[in-house]
Amino acid sequence: MAHKSMNLTLKVWRQKNAKTTGQFESYQVKNISEEMSFLEMFDVLNEQLVQENKEPIAFDHDCREGICGMCSMYIDGKPHGPWQANTTCQLHMRAFKDGDTITVEPWRANAFPVLKDLVVDRTSFDRIIQAGGYVSVNTGNAVDGNSLPINKNAADDSFAAAMCIGCGACVAACKNSSAMLFLSAKVSHLALLPQGDPERSTRVMNMVAQMDKEGFGACTNTGACEATCPKEISLSNIARLNQEYLLSSLTASN
Amino acid sequence: MTWNQIFSTSVGKKITMSLTGIFLILFLVVHAGLNACIWAFDEGETFNKAAAFMGNNWVPRVLEIGLFGGLLLHIFQGYSLELANRSKRAVNYAIPYGNKGSKWYSRSMAILGTLLLMFLIMHIYQFWTPSRLGGMMGIEKLPEATYNGKEIHNLFYEMKEEFENPIIVVFYVLACASLGYHLAHGFQSAFRTLGVHNKRYSILLSSLGYGFSIFVPLIFALMPISFLFKLV
Numbered sequence: 000m001a002h003k004s005m006n007l008t009l010k011v012w013r014q015k016n017a018k019t020t021g022q023f024e025s026y027q028v029k030n031i032s033e034e035m036s037f038l039e040m041f042d043v044l045n046e047q048l049v050q051e052n053k054e055p056i057a058f059d060h061d062c063r064e065g066i067c068g069m070c071s072m073y074i075d076g077k078p079h080g081p082w083q084a085n086t087t088c089q090l091h092m093r094a095f096k097d098g099d100t101i102t103v104e105p106w107r108a109n110a111f112p113v114l115k116d117l118v119v120d121r122t123s124f125d126r127i128i129q130a131g132g133y134v135s136v137n138t139g140n141a142v143d144g145n146s147l148p149i150n151k152n153a154a155d156d157s158f159a160a161a162m163c164i165g166c167g168a169c170v171a172a173c174k175n176s177s178a179m180l181f182l183s184a185k186v187s188h189l190a191l192l193p194q195g196d197p198e199r200s201t202r203v204m205n206m207v208a209q210m211d212k213e214g215f216g217a218c219t220n221t222g223a224c225e226a227t228c229p230k231e232i233s234l235s236n237i238a239r240l241n242q243e244y245l246l247s248s249l250t251a252s253n
Numbered sequence: 005m006t007w008n009q010i011f012s013t014s015v016g017k018k019i020t021m022s023l024t025g026i027f028l029i030l031f032l033v034v035h036a037g038l039n040a041c042i043w044a045f046d047e048g049e050t051f052n053k054a055a056a057f058m059g060n061n062w063v064p065r066v067l068e069i070g071l072f073g074g075l076l077l078h079i080f081q082g083y084s085l086e087l088a089n090r091s092k093r094a095v096n097y098a099i100p101y102g103n104k105g106s107k108w109y110s111r112s113m114a115i116l117g118t119l120l121l122m123f124l125i126m127h128i129y130q131f132w133t134p135s136r137l138g139g140m141m142g143i144e145k146l147p148e149a150t151y152n153g154k155e156i157h158n159l160f161y162e163m164k165e166e167f168e169n170p171i172i173v174v175f176y177v178l179a180c181a182s183l184g185y186h187l188a189h190g191f192q193s194a195f196r197t198l199g200v201h202n203k204r205y206s207i208l209l210s211s212l213g214y215g216f217s218i219f220v221p222l223i224f225a226l227m228p229i230s231f232l233f234k235l236v
């Protein structure tokens, strides 16, 4: 197949630090291969900026394999760009045409303040996990895996929920900046397994309280989060979280 | 954990919205069923008698207090959630996210709810106030109808008079459309908020919700239309 390259105009959000207000700046990039990833195209742009003695654009990235959840660009009105079930690092330039203008913004949510350019502070997610997204175990010899029978459907649903990479695209897409899809994935993957059962009641209550404290909005079940999630976390996890919350509230002993 | 703590989190507030919403859905069934008596084609005798029963018997009157309580809670909590949710993104996107994965009406529940509130104020002023408080504080009394020597409010005649005005009928039909879209999202969302995540029930409730959101507002819309075109 013939190799294609393209010239593009990029409108990128530039912001010096968390305290300043930012603005869009336009850049031209030339001879971008359609086989490049979106982040590689940004690398090209940054090299160009460095050669021009300009400040390169700050953006988050790590594995570039679609599994770490670090990349976080809002591209042309959608977190992680136009492709479905995809992260920014796995978005390739063949998604665009020669001559396109691409607008790139950081995640927008008060709970994700912009640190610089396209980098946002997502430590609020870490604090939600610290509030209960774990199981407490006394370590010792590993037990035989078959000693804990687990229903196949529950194991599948748990694994599907555990796919969440905590990138924050759900928050970025939600009109309420709600973190419910993320939270529900974390609650579900533990609530469905016997290992997560002893702490399931306190887990959901503490994690919901922490989510509110961090300044995320409430869920209104619109489904925008599910549509943009790179790991296709199902909206049904939110209903499961609601069930966990309701049951924990009703059966709380104190 | 106190009840206050349970209902003051973002999930707890949504549970309040969901429970009051389901209560209001049940009220709609009763209201639509009762008002359907206008189609008994007896110059409103069945309808007036049914309305008189609802107005004079203590059971519906007590339930009415619950209805107003539930309605006010739904309105107050709805606005409080909407304002809180809107405040969570200080800087908006240059390119809005749009319709991807969500329907416009699911994102417009507060606007649809506000239209319904405006309608409700007018509706209560037109029918509920003269029916329950007529004669008090200078509020106009409803005309009376006599059946078997007994005088009761002629609410049917009042409806006939009000719905002679096509502007009021158009306003009622638009309010029914708002109700339909509000229910199209609200019905299934209420059950999701109460934790229904089983695929079988989700599909059932979603279909039931769409059916309800078309059928019930349609019945309500046909009432003023029937009066306007003198079909009853």
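Chains A and B are the protein sequences, given in the same order. Numbering of the first sequence is given in the numbering used here, commencing with residue 0 and proceeding in unit increments. Numbering of the second sequence is given in the numbering used here, commencing with residue 5 and proceeding in unit increments. C-beta: ideal position from N, C-alpha, C; glycine also.
- Rounded to the nearest whole angstrom, the C-alpha separation of B/Trp108 and A/Ala141 is 51 Å.
- In the DSSP assignment, the residues bridged to A/Pro78 are A/Tyr73.
- Contact between the region 216-223 of chain A and the region 128-139 of chain A is not established, with fewer than three Cβ pairs separated by less than 8 Å.
- Taken atom to atom, the span from the alpha-carbon of B/Glu165 to that of B/Ser217 is near 28 Å.
- By alpha-carbon distance to B/Ile29, the top candidate from B/Leu183, B/Met122, B/Ala44, B/Gly142 is B/Leu183.
- In the same chain as A/Glu231, and ignoring 5 residues on each side of it, the C-beta atoms closer than 7 Å to its own belong to Ala84, in chain order.
- Collapsing the DSSP output to three states places B/His186 in a helix.
- Taking CB atoms only, B/His78 has no neighbour in chain A less than 8 Å away.
- Counting C-beta pairs closer than 8 Å gives three or more between the region 230-245 of chain A and the region 179-198 of chain B, which meets the contact rule.
- Annotation: the continuous alpha helix (DSSP H) that includes B/Trp7 extends over 7-12.
- Against chain A, a Cβ distance below 9 Å from B/Tyr101 picks out Tyr73, Gly76, Lys77, Pro78, Ala171, Ala172, Cys173, Lys174, Ala223, Thr227.
- Beyond the five residues adjoining it in sequence on each side, B/Gln192 comes within less than 6 Å, by CB distance, of Leu209, Ser210, Gly213 in the same chain, given in chain order.
- Between the alpha carbons of B/Pro221 and A/Ala161 lies a gap of roughly 42 Å.
- Chain A places no beta carbon closer than 8 Å to that of B/Tyr214, leaving this residue out of the contacts.
- Closer than 8 Å at the C-beta level to chain A, one finds these residues of the region 6-31 of chain B: Ile10, Thr13, Ser14, Val15, Gly16, Lys17, Lys18, Ile19.
- With a threshold of 8 Å between beta carbons, B/Ala188 makes no contact with chain A.
- Here B/Arg93 really is in contact with A/Arg107; their C-beta atoms are around 5 Å apart, less than 8 Å.
- DSSP places A/Val113 in the uninterrupted beta strand (DSSP E) bounded by 113-115.
- Think of a sphere of 7 Å around the beta carbon of B/Leu85: the chain A residues whose beta carbon falls inside it are Ala217, in chain order.
- Going by beta carbons, A/Gln27 and A/Arg13 fall outside the 8 Å limit.
- Nearest to A/Ala57 by alpha-carbon distance, out of A/Met69, A/Glu198, A/Gly65, is A/Met69.
- Using a CB distance below 8 Å, the part of the region 23-36 of chain A facing chain B consists of Phe23, ordered along the chain.
- Residue-level contact by beta carbon fails for A/Glu51 and chain B, as no gap is shorter than 8 Å.
- Taken in chain order, the members of the region 168-202 of chain B whose beta-carbon sits within less than 7 Å of a beta-carbon on chain A are Ser193, Arg196, Thr197, Leu198, Gly199, Val200, His201.
- The Cβ neighbour count for A/Ala178, taken over all protein chains shown within 10 Å, is at least 16; the residue is labelled buried.
- Among the residues of chain A, those whose CB is under 7 Å from the CB of B/Val95 are Arg107, following chain order.
- Counting C-beta pairs closer than 8 Å gives three or more between the region 153-170 of chain A and the region 66-81 of chain A, which meets the contact rule.
- Around the C-beta of B/Gly48, 16 or more other C-beta atoms lie within 10 Å, and the residue is accordingly described as buried.
- Residue-level contact by beta carbon holds for A/Gly214 and chain B, with a gap shorter than 8 Å.
- In this structure the region 133-150 of chain B does not touch the region 79-97 of chain B; the number of beta carbon pairs closer than 8 Å is below three.
- Judged by their CB atoms, B/Ser206 and A/Thr221 are not nearer to each other than the 8 Å cut-off.
- Counted as a single uninterrupted DSSP element, the stretch harbouring A/Met92 is not any alpha helix (DSSP H), since DSSP gives it neither H nor E.
- Judged by DSSP in its simplified three-state form, A/Leu191 adopts coil rather than helix or strand.
- Residues of chain B with a Cβ closer than 9 Å to the Cβ of A/Tyr244 are, in chain order, Ile10, Thr13, Val15, Gly16, Ile19, Gly199.
- Note on A/Ser252: under 16 other CB atoms within 10 angstroms of its CB, so exposed under the neighbour-count rule.
- Listed along the chain, the chain B residues whose CB falls inside 8 Å of the CB of A/Ser235 are His201, Lys203, Ser206.
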